[in-house]
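Residue numbers (the numbering used here), protein chains in the order written: chain W, 18 to 203; chain V, 3 to 207.
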Amino acid sequence: MRALVFPAILVLVMAVIGHVLTLHLVPSVIMGTAMNRLAAQGAALHSFRLAPRTTPQTQLVVRPSPDLAYSICAYHLRGPQPLRIRAAAYDDYGSISFFDARTNNFATIRIEETAPDSSGPDILLRGPAGGEPDGLFDGHDLRSPTPRGLILIRRLAPTQQAYDRVRAIASADVCALSSSAGTISE
Amino acid sequence: MLGHSVMVLILRSLALTLTGLLLGGVSAFWMSGLFGAAPVTPASDISLEGWVSDWAIGSTSANAYTRARVARHGLLALAKEEAVYFIRNRDDDGDPLKASCHYELQGGRQDAAWWSITLYDEESRLPMNDDGALSIDATTVGDADTWTAVISQTRPEDRLWLSSRGAEQFDLTLRLYRPLPSLLATPETRLNPPSIRKRHCGAGS
Chain W
18 MRALVFPAIL VLVMAVIGHV LTLHLVPSVI MGTAMNRLAA QGAALHSFRL
68 APRTTPQTQL VVRPSPDLAY SICAYHLRGP QPLRIRAAAY DDYGSISFFD
118 ARTNNFATIR IEETAPDSSG PDILLRGPAG GEPDGLFDGH DLRSPTPRGL
168 ILIRRLAPTQ QAYDRVRAIA SADVCALSSS AGTISE
Chain V
3 MLGHSVMVLI LRSLALTLTG LLLGGVSAFW MSGLFGAAPV TPASDISLEG
53 WVSDWAIGST SANAYTRARV ARHGLLALAK EEAVYFIRNR DDDGDPLKAS
103 CHYELQGGRQ DAAWWSITLY DEESRLPMND DGALSIDATT VGDADTWTAV
153 ISQTRPEDRL WLSSRGAEQF DLTLRLYRPL PSLLATPETR LNPPSIRKRH
203 CGAGS
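Pasting the structure below:
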């Protein structure tokens, strides 16, 4: 009987470690896979790309909504440089949401409600190692909990006509490294 | 002789370690609903007439199980202040939703700026068809107080339609964007959960 105690304890301890480790790693692994898949589809870092209209043939992630047009920007903020982000204004439902590498939705900004004018919301995103705001920037100042992540613009586009309307404005979306609060390094 | 005993002990310990890690990993997958088609799990904290949701989705406060399940079945989901998601995988009789059956989906207005209902297959993907009937939404039904749609593999005449062609078993996701504070506070009284009545199963569905 005593001979079974050590093996049982070892299996139990390892099971707990395996359980916790799996739960910890799954979101990051799935997020990393999604980011790699986006890169394989031609999406560049620090640049918005309007995804093709969502259909069974074009779906990139699980449970996409076919009623929305998605613009995606992947980021990797290793140093102090922040990302300057701007979502072109849209007169129907629209939001810009931020996801860290652990899949947390750490910020969401509504496009039409926060736009002071027709240019849409203006946002600075800093990495964990990014500096403090310089006081000159009067837009949304955000900090990503992890260096890597995804930014997703959703715009309501349940029809081809609505999607075409989004396509016409999405080229004005900006996601680019910024040397300071006001300057974009293209 | 001693060397042999030590080697056996090391190998046994290694085997037990791997067994434990494997058990832990498999149990984590099972408890998070990561195996197969399990976006709906007992861990879901809101359940209204078959529609289940978890208000912690997208939030940093989500527990590890919710976080893993959402990563697998709903990556890039929004926090509840912006959108809430309800999933249903059974009809009003409690039977799993199947593409071989014909259903009537009936609903009404929702306490949100915009809503949609989308059909997904067992792998949480849009079913592989080219019917152009993947979802219905608030703009489709207009200002109607109540609406009815058909879920089937073949297109009905002059009816709202969700195509189940290309799925075997499926589920529906109800998205409510910009939910009103009243809905977030008391979903049990403010949600208008659509009903799913099975009409018939078999050929012609």
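Note that the Cβ used here is the ideal one computed from N, Cα and C, for glycine as well. Note that this is a predicted model, so its numbers are computed, not measured.
In chain W, no part has a C-beta under 9 Å from the C-beta of V:Ser-7; the shortest such distance is about 14 Å.
At a Cβ-Cβ threshold of 7 Å, V:Asp-93 and V:Ile-198 count as neighbours. Between V:Leu-176 and V:Phe-88, the beta carbon gap of about 4 Å places them in contact (Cβ cut-off 8 Å).
Using a 10 angstroms sphere on the CB of W:Arg-95, the tally of other CB atoms stays under 16, which defines it as exposed.
The Cβ of V:Asp-139 sits closer than 7 Å to at least one Cβ of chain W.
Counting every other CB atom within 10 Å of its CB across the protein chains shown gives V:Arg-74 a total of 16 or more, marking it as buried. A straight-line Cα-Cα distance of about 15 Å links V:Ala-114 and V:Thr-142. Checking the DSSP bridge columns, you'll see V:Thr-150 partnered with V:Gln-108. Taking each of V:Ala-30, V:Glu-51 and V:Asn-131 in turn and checking the Cα distance to V:Ser-165, the smallest one comes out for V:Asn-131. In the displayed model, W:Pro-138 falls within coil according to three-state DSSP, outside both helix and strand. Between V:Thr-68 and chain W, the shortest Cβ-Cβ separation is not below 7 Å. Residues of chain W with a Cβ closer than 9 Å to the Cβ of V:Asn-131 are, in chain order, Pro-73.
Contact of V:Ser-165 with chain W is not assigned, every C-beta pair being separated by 7 Å or more. The three-state reading of DSSP puts W:His-41 in helix, counting H, G and I together. Residue pairing by DSSP puts W:Gly-111 in a beta bridge opposite W:Arg-172. When the beta-carbon positions are compared, W:Leu-100 and W:Tyr-92 come within less than 7 Å of each other. With a threshold of 7 Å between beta carbons, V:Ala-169 makes no contact with chain W. Bounds of the alpha helix (DSSP H) holding V:Leu-185 are 183–187. Proximity of chain V to W:Leu-29 at the Cβ level (cut-off 8 Å) is accounted for by Gly-22, in chain order. W:Ala-104 is a Cβ neighbour of W:Asp-190, given a cutoff of 7 Å.
Spanning the alpha carbons of W:Gly-59 and V:Thr-191 requires a straight line of approximately 46 Å. Neighbours of V:Arg-157 in chain W, taken as residues at a C-beta separation under 7 Å, are lacking, since the least C-beta distance is about 16 Å.
Just so you know, the alpha carbons of V:Asn-65 and W:Asn-121 end up roughly 11 Å apart. About 6 Å separates the beta carbons of W:Gly-166 and W:Ala-118, which is inside the 8 Å limit, making them a contact pair. For the C-beta of W:Asp-84, the chain V residues within less than 7 Å are, from N- to C-terminus, Ser-118, Ser-137 and Asp-139.
DSSP places W:Ala-124 in the uninterrupted beta strand (DSSP E) bounded by 122–127.
Taking a Cβ-Cβ threshold of 8 Å, the residues of chain V close to W:Met-48 are Ala-73 and Leu-77, in chain order. Here W:Pro-44 has Arg-119 and Thr-120 as same chain residues with Cβ atoms under 8 Å from its own Cβ, once five neighbours each way along the sequence are excluded. For W:Asn-122, the chain V residues whose C-beta falls within less than 9 Å of its own C-beta are Ile-59, Gly-60, Ser-61, Thr-62, Leu-78, Ala-79, Leu-80, Ala-81 and Glu-84, listed in chain order. Residues of the same chain with a CB within less than 7 Å of the CB of V:Asn-194, apart from the 5 flanking positions on each side, are Gly-109, Gly-110, Arg-111 and Gln-112 in chain order. DSSP places V:Ile-119 inside the beta strand (DSSP E), whose first and last residues are 114–123. Secondary structure note for W:Arg-184: its alpha helix (DSSP H) is the uninterrupted segment 177–187. Counting other Cβ atoms within 10 Å of its Cβ, V:Trp-32 stays below 16 and is therefore classed as exposed. The C-beta of V:Asn-91 has 16 or more other C-beta atoms within 10 Å across all chains shown, which makes the residue buried.
If you ignore the 5 residues before and after V:Ser-184, its C-beta comes within less than 7 Å of the C-beta of Asp-113 and Arg-192, all in its own chain and listed in chain order. Annotation: the continuous alpha helix (DSSP H) that includes V:Ala-140 extends over 140–143.
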